[in-house]
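K.L.:
Sequence order for the protein chains is A and B. The working numbering applies: residue 245 is where the first sequence begins, and numbers increase by one. The working numbering applies: residue 245 is where the second sequence begins, and numbers increase by one.
2 protein chains.
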Amino acid sequence: MNSILIIEDERELVKVLTSYLEKAGYSVISATRGDSGLTLWQQKKPDLILLDLNLPGMDGLDLAREVRRHSQVPIIMVTARIDEIDRLIGLEIGADDYITKPYSPREVVARVKAVLRRVGAAQYTSQTLRIADLEIDLDAHTVQRAGQEMDLTPTEYNVLVTLAQQPGRVFSRSQILQAVQPDSVVFEGFERSVDAHIKNLRQKIEPNPKEPQYIETVFGVGYRFSKAG
Amino acid sequence: MNSILIIEDERELVKVLTSYLEKAGYSVISATRGDSGLTLWQQKKPDLILLDLNLPGMDGLDLAREVRRHSQVPIIMVTARIDEIDRLIGLEIGADDYITKPYSPREVVARVKAVLRRVGAAQYTSQTLRIADLEIDLDAHTVQRAGQEMDLTPTEYNVLVTLAQQPGRVFSRSQILQAVQPDSVVFEGFERSVDAHIKNLRQKIEPNPKEPQYIETVFGVGYRFSKAG
DNA sequence: TCAAGTTTTGAAGAAGTGATGAAGATTGCG
DNA sequence: CGCAATCTTCATCACTTCTTCAAAACTTGA
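#1: Note down the Cα distance separating A423 of chain B from D306 of chain B, rounded to an integer number of angstroms.
#2: Would you list, in chain order, the members of the region 441-471 of chain B that have their beta-carbon closer than 8 Å to a beta-carbon of chain A?
#3: Along the chain, where does the beta strand (DSSP E) that runs through Y347 of chain B open and close?
#4: Less than 8 Å between the CB atoms is what I'm expecting for V359 of chain A and I320 of chain A, so what's the real figure, rounded?
#5: If distances are taken between C-alpha atoms only, which option among A:P346, A:R389, A:T276 and A:I293 comes closest to R255 of chain A?
#6: Distance, Cα to Cα, E252 of chain A vs N402 of chain A?
#7: Return no unless some Cβ of chain B is closer than 7 Å to the Cβ of A324 of chain A.
#8: For Q371 of chain A versus L382 of chain A, is the C-beta distance shorter than 7 Å?
#9: Return helix, strand or coil for F469 of chain A, following the three-state DSSP convention.
#10: Do you know offhand how far Y368 of chain A's Cα is from A384 of chain A's?
#11: Measure the alpha-carbon distance for K443 of chain A versus V414 of chain B and round it to whole angstroms.
#12: Quick one: is the Cβ of R325 of chain B within less than 6 Å of any heavy atom of the ligand NAP?
#13: Is the beta carbon of G466 of chain B closer than 7 Å to that of R417 of chain B?
#14: Based on DSSP bridge pairs, tell me the residues matched to V420 of chain A.
#15: Can we say the region 288-302 of chain A touches the region 311-318 of chain A, given the rule of at least three CB pairs closer than 8 Å?
#16: Restricting to Cα atoms, I'd like to know which of A:V322, A:D395, A:D439 and A:P456 is closest to G464 of chain A.
#17: Span of the beta strand (DSSP E) holding I459 of chain B?
#18: For N412 of chain B, which of B:T399, B:T262 and B:S470 has the nearest alpha-carbon?
#19: Between the region 375-387 of chain A and chain B, which residues of the former have a C-beta closer than 7 Å to a C-beta of the latter?
#20: By the DSSP assignment, the beta strand (DSSP E) with T372 of chain B in it spans what residues?
#21: Whole angstroms are fine: how far does the CA of L297 of chain B sit from the CA of P318 of chain A?
#22: CB A354 of chain A to CB D327 of chain B, shorter than 7 Å?
#23: Measuring straight from C-alpha to C-alpha, what distance separates Q316 of chain B and V363 of chain B?
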């Protein structure tokens with residue numbers, strides 16, 4: 245999973261952004277000062293930096309320059325002044341994208357996705373989820389373990405993708421049902437069918453289905469994909 | 245020297261981009277309407293297309309589909325809406341990159357370079373798609389297996405090209421329908437006709453239509469061209 | 001340890017999906 | 001207009017997948 249460092253002094257904004265980004269499957273760390281942001285970056289080496297330019301403790305541009313001296317990590321710059329963007333673009337700091345305030349959290353998520361996709365895989369067409377020793381190709385709808393392809397049914401595949409997209413997070417049966425078949429209303433009784441799918445899924449992907457290492461049961465709550473992997 | 249076709253209706257933008265791209269050593273031609281852009285492409289056969297999706301004269305997506313029926317020329321798509329990119333990527337048209345407005349000319353130049361480097365000296369100029377032991381000549385609209393030419397109907401040909409251009413990737417029936425006839429609205433019932441085309445196509449190109457080795461069925465999802473080949 | 005509640009499991013019927021051949025509708029062309 | 005090629009629709013069959021159920025195994029908290 246990708247991690248994102250937010251450097252932004254408005255705490256309320258940080259909270260909102262964190263929530264949105266986490267929902268999108270990213271892990272988020274944050275700093276409200278420039279200097280502490282730099283330290284955090286050195287320690288955690290996140291996959292992307294979301295950087296407000298107007299910061300206490302250290303100027304955002306200086307921070308970006310410092311980071312660039314050591315790393316090509318993608319940086320998305322945030323500024324309150326739209327007319328500043330043209331100037332920024334002229335600078336030699338290779339920022340990967342720019343956002344002006346005010347912005348919608350959705351837009352930020354979209355930009356983050358876009359930038360990570362851009363720098364990540366050179367090819368835009370192949371989106372694959374690598375988790376533990378599983379490889380899920382979202383375009384091809386295939387799942388492989390150690391090069392071996394596993395033949396899953398549509399529902400099994402959807403359940404797996406749902407869980408694997410946010411490893412460590414617990415999903416209730418009704419959440420899983422909803423993810424698997426969004427249009428239908430979920431009744432109480434139906435939830436038990438998730439059990440059956442999980443069983444079949446484990447049968448297929450777990451080396452030892454009796455002791456699942458990918459899909460864990462959280463008693464009384466639901467299921468989750470193992471974070472440790 | 246590489247030539248680039250810009251299809252974009254904002255004349256000011258075209259001017260700026262042209263200037264930047266020419267400075268970078270490319271020769272540039274441009275159109276401000278979709279239909280004239282298509283004509284220009286047919287006449288000049290540029291090495292890359294920079295395509296705004298929101299165009300007068302012809303929808304950008306339809307243009308891209310039409311081009312893809314004849315050529316694998318790299319296409320960079322431009323859209324004003326960041327949140328549209330996710331949708332675009334899911335589309336059956338294989339674009340090589342995506343850019344959102346507003347963008348900096350520098351960024352565009354960088355992307356153009358990157359895409360051309362990626363496709364490199366690839367044979368998109370030959371306009372022949374070689375996959376498994378099929379040979380699809382995009383200029384001549386012919387398909388051969390082991391030197392044997394197969395006689396396909398227009399729709400069968402289009403379905404095959406759509407699938408074969410991105411082997412391994414699954415296409416839903418409605419995506420295939422759209423690729424085959426861009427202008428028509430897609431109703432639920434119509435999707436079944438894709439089955440018929442696939443059947444006929446398999447009858448013609450598969451050595452053993454009962455056990456397809458080129459066109460695979462992905463239960464509950466759609467069809468894909470076998471990646472293994 | 002026990003009781004209550006929860007999950008796992010295998011099996012079987014119900015529901016859904018794809019393949020196919022043929023017939024009907026449409027299109028393009030002479 | 002009439003013909004031929006092509007595309008769409010339809011009914012049917014074959015097959016895959018989903019849901020349900022009941023029994024057994026397990027987990028939890030008192």
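Note that CB positions come from ideal geometry on N, CA and C, so glycine has one too. Values in this document were obtained by computation on a predicted structure and should not be read as measured data.
P.N.:
Concretely, from the data shown:
#1: Using only the alpha carbons, I get a separation of about 9 Å.
#2: If the cut-off is 8 Å between Cβ atoms, the region 441-471 of chain B has V462, F463, G464, V465, R468 and K471 near chain A.
#3: If you look at Y347 of chain B, you'll find it isn't in any beta strand (DSSP E); DSSP assigns it neither H nor E.
#4: Contact between V359 of chain A and I320 of chain A is confirmed by a C-beta separation of about 6 Å, below the 8 Å threshold.
#5: That would be A:T276, whose Cα lies nearest to the Cα of R255 of chain A.
#6: C-alpha separation (whole angstroms): 36 Å.
#7: Among the residues facing chain B, A324 of chain A is not included, as its CB has no counterpart in that chain under 7 Å away.
#8: In this structure, Q371 of chain A sits near L382 of chain A, with a CB-CB distance shorter than 7 Å.
#9: In the three-state scheme derived from DSSP, where H, G and I count as helix and E and B as strand, F469 of chain A is classed as strand.
#10: Note that Y368 of chain A has pLDDT 42, beneath the 50 cutoff, so the model's placement of it is unreliable and no number is given.
#11: Those two C-alpha atoms are separated by around 26 Å.
#12: For the structure depicted, the ligand NAP is absent and the ligand set is empty, with no information on it obtainable.
#13: Judged by beta-carbon spacing, G466 of chain B lies within the 7 Å limit of R417 of chain B, meaning their Cβ atoms are closer than that value.
#14: Sequence check: residue 420 of chain A is Ile here, not Val. The partner list for I420 of chain A (beta bridge, DSSP) is empty, contrary to what the question assumes.
#15: As far as the Cβ criterion goes, the region 288-302 of chain A touches the region 311-318 of chain A, which means the pair count is three or higher.
#16: Among A:V322, A:D395, A:D439 and A:P456, the Cα nearest to that of G464 of chain A belongs to A:D439.
#17: I459 to V462 is the extent of the beta strand (DSSP E) around I459 of chain B.
#18: Here residue 412 of chain B turns out to be Gly, not Asn, going by the sequence shown. Selection B:T399, B:T262 and B:S470 evaluated against G412 of chain B yields B:S470 as nearest (Cα-Cα).
#19: If you check each beta-carbon in the region 375-387 of chain A against every beta-carbon of chain B, the ones closer than 7 Å belong to D383, A384 and H385.
#20: Counting along the chain, the beta strand (DSSP E) containing T372 of chain B begins and ends at T372 to I375.
#21: Those two C-alpha atoms are separated by around 26 Å.
#22: With contacts defined by Cβ atoms closer than 7 Å, A354 of chain A and D327 of chain B form a contacting pair.
#23: Computed Cα separation, rounded: 10 Å.
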